[in-house]
Amino acid sequence: MPTKTIRKAVIPAAGLGTRFLPATKAVPKELLPIVDTPTIQYIVAEAVAAGVRDVILVCARGKESIVDHFDLAGELEAHLERTGKLELKQQMRDIARMAHIVTVRQQEPLGLGHAVLCAKDVVGDEPFVVMLGDDVIDAPIPGAKQLADCFGRHGLGTIALMEVPREDTHLYGIAAGSAVDDRTIRIDALVEKPRKDPPSNLAVIGRYVLPPSIFEILERVRPGVGGEIQLTDALAILAREEGLLGYRFQGERYDAGDRFGYLKANIMYALKRPELAGPLRAFLSGIK
Ligand code: UTP
């Protein structure tokens, strides 16, 4: 019987991050901090909390520093030890021990679908979760775990959905289908950024638990908008051929790939820090 356990996460991180220029000219967008922690570290922590052991980073030229972040930093640790900052030293070590990180290269930015396909050989014949670093999910049960649990219950690929205002549907992939339970639908329509007549107000968010059959589908998908291989096109085929669920996850999602979303994430995560919450609230309420 095929496994229903999710042990591998694919994190596509080969995009150019043009919405964040000039910051992303030399620094990968995935390393931009939310408070003091790179966005990608929140994503890897979420993966680990969902039971993932192997994290497959899809990288590109110039993104090597993402991998360095998850490596041991001997000199830094020695310095922290010498200066008595033992807690910080342990934190640095814990980052390097979070997960087994594997990298694959996407040589050209040919789209999200293509980025996922680059991980095919490392994922092999088992279900896995795709996690976009742009979407930071703050939830009591980690977003990827909510999806992995839904996948475990039903044995079908499961993607995260979020209700958005009707007037914003043109900004997202939109899914519709028949209700399975109060949070789950079986998807029968999936439209990328509908200009008119959206089939619902349920937007696709950057977490997808997928069966390995998605790779064979991605191999046959033709390049779509902008010559890119779109994950959405492959998901629509998966929905038709095997079935695909959409799960309305519980929690807050921030689009950290967008400047306003990034600022909101910084404020909300800072408000969770006891040492920052009071001064930040006072500062914000004092702004004229
Ligand atoms: P985005 O389009 O949001 O990311 O793709 P981007 O291209 O980096 O950002 P902008 O729009 O230019 O600011 C969603 C995710 O897919 C990855 C990106 O790294 C991002 O995490 N991606 C996208 C790839 O890995 N390869 C691609 O060819 C395209």
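Each residue of the sequence shown is one higher than the last, beginning at 7 in my numbering. For every residue, glycine included, the Cβ atom is placed at its ideal position computed from N, Cα and C. Computed from a predicted structure; not experimentally measured.
Query, Result
"Which residues in the same chain as T24 place their Cβ atom closer than 7 Å to its Cβ, once the five residues preceding and following it in sequence are excluded?", "none"
"Out of Q47, Y178 and T164, which has the shortest C-alpha to C-alpha gap to M98?", "Q47"
"Where I180 and A245 are concerned, what is the direct C-alpha to C-alpha distance, given to the nearest angstrom?", "13 Å"
"Tell me whether A121, by its Cβ, gets closer than 8 Å to a heavy atom of the ligand UTP.", "yes"
"Ignore the nearest five residues each way along the sequence and tell me which others in L148's own chain have a CB closer than 6 Å to its CB.", "Per the sequence shown, the amino acid found at residue 148 is Pro instead of Leu. E52, A55 and A56, listed in sequence order."
"Counting along the chain, where does the beta strand (DSSP E) carrying A84 start and finish?", "A84 -> not in any beta strand (DSSP E); alpha helix (DSSP H) instead, spanning G80 to R88."
"Using a Cβ-Cβ cutoff of less than 7 Å, which residues in the same chain neighbour L138 once the five nearest sequence positions on both sides are dropped?", "P18 and G212"
"Going by CA-CA distance only, name the one from T89, L277, A242 and A32 that's closest to R228.", "A242"
"Which class does T238 belong to by DSSP, given the choice of helix, strand or coil?", "helix"
"For the alpha helix (DSSP H) that D74 lies in, which residues bound it at each end?", "E70 to H75"
"Under the criterion of a Cβ to heavy atom distance below 8 Å, does F134 qualify as lining the ligand UTP?", "no"
"Given this structure, state the Cα-to-Cα distance separating M7 from Q112, to the nearest angstrom.", "Only weak support exists for where M7 lies, its pLDDT of 48 falling under 50; the coordinates are left without a value."
"Let me confirm a value: G130 is counted as buried when at least 16 other C-beta atoms fall within 10 Å, else exposed. Which label applies?", "exposed"
"In its own chain, which residues sit with a C-beta less than 8 Å from the C-beta of S184, not counting the 5 before and 5 after it?", "I191, R192 and D194"
"List the endpoints of the continuous alpha helix (DSSP H) containing T109.", "T109 -> not in any alpha helix (DSSP H); beta strand (DSSP E) instead, spanning H106 to R111."
"Hey, which unbroken runs of the beta strand (DSSP E) at 3 residues or more fall wholly within the stretch 12-37?", "14-18"
"In angstroms, rounded to a whole number, what distance separates the CA positions of G21 and A276?", "27 Å"
"Helix, strand or coil: which one does DSSP assign to L153?", "helix"
"Can you name the start and end residues of the beta strand (DSSP E) that E225 belongs to?", "Note, E225: premise wrong, no beta strand (DSSP E); alpha helix (DSSP H) at S219 to R226."
"If you run the structure through DSSP and keep just helix, strand and coil, what is V58?", "coil"
"Using a Cβ-based criterion (distance less than 8 Å to any ligand heavy atom), does G3 qualify as near the ligand UTP?", "Outside the modelled stretch of the chain, which goes from 7 to 294, sits residue 3, for which no answer is possible."
"Sorted by chain position, which residues of the same chain lie with C-beta nearer than 7 Å to L237's C-beta, five sequence neighbours on each side aside?", "L118, G119 and V122"
"Per the contact definition of three or more C-beta pairs closer than 8 Å, is the stretch 198-212 in contact with the stretch 78-93?", "no"
"Beta carbon of V61, beta carbon of A29: below 9 Å?", "no"
"Can you name the start and end residues of the beta strand (DSSP E) that R192 belongs to?", "T190 to E198"
"Any idea if K31 is buried or exposed, counting beta-carbon neighbours within 10 angstroms, 16 or more meaning buried?", "exposed"
"Pick out whichever of V215, V50 and H75 has its Cα sitting closest to the Cα of G163.", "V215"
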